[in-house]
Each structure stands twice: as C-alpha cells, then as structure tokens.
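A.B. asks:
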Amino acid sequence: MIACMPGSGAVDSGTPVLPVGHDLGAFHAGDGVTAPVQQVRVGAEIIDLDPVHFAAWTAAHGAPTEDGAAPVVTVGGLGAVYGEEVVAGLVRDRLLAAIVPHAEFAEGHRLLALAQGLGNSAEHPWLFSVGLLYQPLAVMTGGMYDLWQGAGLSPDLWSACEEAAAAARQAGATEDQYTDPEQMLAGAMSVLPQLLTARVACLDLRMWVSA
C-alpha cells in the first residue's frame with residue numbers, strides 16, 4: 004500500500020506514522036436524524052470523522068505495552084485492519100504524518116502539551132511527571148520536560164528544539180543531549196509515541212508566522 008501525502012509524495016506501507024490533531028470529542032447535531040461524529044482539530048480546521056475513520060486515527064496513537072513502550076504504527080498496519088481507503092483518507096486530511104525523515108517531519112509539525120506538569124520528586128529528581136492532578140500519565144527527562152511544556156510556543160518542533168538547546172546553553176548546560184538541537188530532536192522522536200499514547204501531548208501542523 005502507498006498513501007500520498009500532500010507536499011511530500013508517497014508514503015510506503017512500512018513507513019512509521021504518527022497521528023496529527025487534537026481530539027475534540029463527539030458532536031451531536033441534535034436533530035434526531037444526523038449520526039454523531041467525532042471531531043478532530045488540525046491546524047485551524049475541524050474535521051468530522053465517522054466511527055471507522057476515528058477508530059483508525061485512535062489506533063494510530065498506539066496502545067501501551069506491559070513495559071510502557073509504544074509500538075511502531077505503520078500505514079500498512081493500519082490499512083490491514085481498517086482498510087486502505089480509510090488510511091488514505093486520514094493521510095489526505097493530514098491526520099496521519101510520516102515521521103521519516105525526522106527533520107522534515109519536525110519542520111512541518113509542532114508539539115502541544117495536553118496535560119499538567121507535575122514536576123519531579125525527591126526520590127528521582129532527574130525524572131519529571133505529567134498527567135492529571137495526583138495521577139501521573141507519563142514520565143520524562145528534564146530536557147524533554149522543558150521541550151514538552153514550551154514547544155507549543157514555537158512554530159514547529161524543529162524550532163522548539165533549537166530554542167530549547169539555546170536556552171540550555173545559556174543556562175550553562177554542556178551535555179550534547181541538551182545543547183545540540185539535532186540530538187534533542189532525536190530524543191523527542193524517541194518518546195513522542197509514548198506521549199501520544201498517554202494523550203499528554205498531541206501533534207499539530209506547523210504554525211505559520213507572518214514576518
């Protein structure tokens with residue numbers, strides 16, 4: 004299966020993808036006739052999804068395994084379960100995005116926090132939790148925690164990594180994982196699936212800023 008993505012050519016069936024968009028929940032027309040839909044915001048557009056398309060989009064978030072890892076989701080894997088046309092429709096509506104190459108993905112999308120920052124603990128001061136009040140849903144390093152909470156202020160994920168790396172250098176950090184934007188992006192890409200699975204973050208389209 005090959006799905007076409009606007010502006011980036013075709014996506015092979017084995018290409019890893021991530022879901023894009025903010026889940027807004029169900030919408031009922033209230034007329035007693037029209038079937039309810041699930042709404043997802045992507046950029047400035049709100050897209051109505053029927054049950055099958057919404058199930059496929061939800062499945063793209065992955066399900067946590069026993070060790071807390073998130074499985075790799077591919078176009079072909081989703082298509083085998085929900086149908087190629089359904090997956091192609093999600094790609095066409097920019098609700099699914101190929102994550103390789105990472106630089107191209109990061110320049111076209113941004114990361115938005117969807118949960119509360121819960122901070123670290125005396126027992127594990129190097130780890131930071133996010134989630135609901137008194138209910139941690141995900142744990143991450145300090146560098147990723149800084150990126151998670153501030154990335155939504157940047158036009159795209161790559162810009163967020165550059166800005167976070169610059170801030171770390173100004174603060175006196177010397178480790179490449181904090182001061183090198185490429186290494187910071189690599190770290191972000193490694194944990195993005197877990198953040199999306201836990202629904203503590205979502206991806207959105209790049210925010211275009213007028214000069």
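The opening residue of the sequence shown carries number 4 in my numbering; numbering runs sequentially from there. Don't be surprised by glycine CBs; every beta carbon is placed ideally from N, CA and C.
(1) Reducing DSSP to helix, strand and coil, say where residue 210 ends up.
(2) Report the option in 204, 94, 170 whose CA atom is closest to the CA atom of residue 20.
(3) I need the straight-line Cα distance from residue 75 to residue 196, nearest angstrom please.
(4) Which value, in whole angstroms, describes the spacing of the CA atoms of residue 24 and residue 45?
(5) On the CB-based measure, 16 or more other CB atoms within 10 Å of its CB, does residue 41 come out buried or exposed?
(6) Is there a Cβ of chain C sitting closer than 8 Å to that of residue 102, yes or no?
(7) Which of helix, strand or coil does DSSP assign to residue 97?
(8) What does the Cβ neighbour count give for residue 108, buried or exposed, with the cut at 16 atoms within 10 Å?
(9) Return the CA-CA distance between residue 192 and residue 105, expressed in angstroms with no decimal places.
(10) Would you kindly report the start and end of the unbroken alpha helix (DSSP H) that includes residue 145?
(11) List in chain order: all unbroken alpha helix (DSSP H) runs of 4+ residues lying wholly within the stretch 59-91.
(12) Would you tell me roughly how many angstroms separate the C-alpha atoms of residue 149 and residue 96, rounded to the nearest one?
(13) Please report how far the alpha carbon of residue 205 lies from the alpha carbon of residue 131, in whole angstroms.
(14) Answer yes if the stretch 145-161 comes into contact with the stretch 116-135, meaning at least three C-beta pairs across the two stretches below 8 Å, and no otherwise.
(15) Taking residue 59 as the reference, give the member of 178, 98, 39 with the closest Cα.
(16) Kindly list the residues whose CB is nearer than 7 Å to the CB of residue 81, restricted to its own chain and excluding five residues on each side of it in sequence; keep chain order.
(17) Under 8 Å, do residue 79 and residue 17 count as touching if we go by C-beta distance?
(18) Assign residue 179 to one of three DSSP states: helix, strand, or coil.
(19) Where does residue 32 sit, in a helix, a strand or coil, going by DSSP?
C.D. replies: According to the structure data:
(1) To locate residue 210, count along the sequence shown from 1; it is residue 207. In this structure, residue 210 counts as coil in the three-state DSSP scheme.
(2) Within the sequence shown, numbered from 1, the residue matching residue 20 stands at position 17. Distance from the Cα of residue 20 is smallest, within the candidate group 204, 94, 170, for 94.
(3) Your numbering for residue 75 matches position 72 in the sequence shown. Your numbering for residue 196 matches position 193 in the sequence shown. Distance between the alpha carbons of residue 75 and residue 196: 8 Å.
(4) If you number the sequence shown from 1, residue 24 lands on position 21. If you number the sequence shown from 1, residue 45 lands on position 42. Cα to Cα, residue 24 sits roughly 5 Å from residue 45.
(5) One-based indexing of the sequence shown puts residue 41 at position 38. Counting other Cβ atoms within 10 Å of its Cβ, residue 41 reaches 16 or more and is therefore classed as buried.
(6) The structure shown contains no chain C; it holds only a single protein chain.
(7) On the sequence shown, position 94 is the one that residue 97 refers to. In the structure shown, residue 97 sits in coil (DSSP, three-state: anything other than H, G, I, E or B).
(8) Stepping through the sequence shown from its first residue, residue 108 is reached at position 105. With 16 or more other Cβ atoms within 10 Å, it is buried.
(9) In the sequence shown, counting from the first residue as 1, residue 192 sits at position 189. In the sequence shown, counting from the first residue as 1, residue 105 sits at position 102. When rounded, the distance between both Cα atoms is 8 Å.
(10) On the sequence shown, residue 145 is found 142 positions in, with the first residue counted as 1. Residue 145 -> alpha helix (DSSP H) spans 145-153.
(11) List check, alpha helix (DSSP H) in window: 78-85.
(12) For the purposes of this step, residue 149 is identified with residue 146 of the sequence shown, where counting begins at 1. For the purposes of this step, residue 96 is identified with residue 93 of the sequence shown, where counting begins at 1. If I take the Cα positions, the gap works out to 30 Å.
(13) In the sequence shown, the residue the question calls residue 205 occupies position 202. In the sequence shown, the residue the question calls residue 131 occupies position 128. So the alpha carbons of these two residues sit roughly 18 Å apart.
(14) Counting Cβ pairs under 8 Å, three or more are found: they touch.
(15) Within the sequence shown, numbered from 1, the residue matching residue 59 stands at position 56. Considering only alpha carbons, the answer is 98.
(16) As a working mapping, residue 81 is identified with position 78 in the sequence shown. Contacts found: 59, 62, 63, 90.
(17) Working through the sequence shown from its first residue, we reach residue 79 at position 76. Working through the sequence shown from its first residue, we reach residue 17 at position 14. Closer than 8 Å, so yes.
(18) In the sequence shown, counting from the first residue as 1, residue 179 sits at position 176. Helix, per DSSP.
(19) The sequence position of residue 32 within the sequence shown is 29, counting from 1. In the three-state reduction of the DSSP assignment, residue 32 falls in the coil class.
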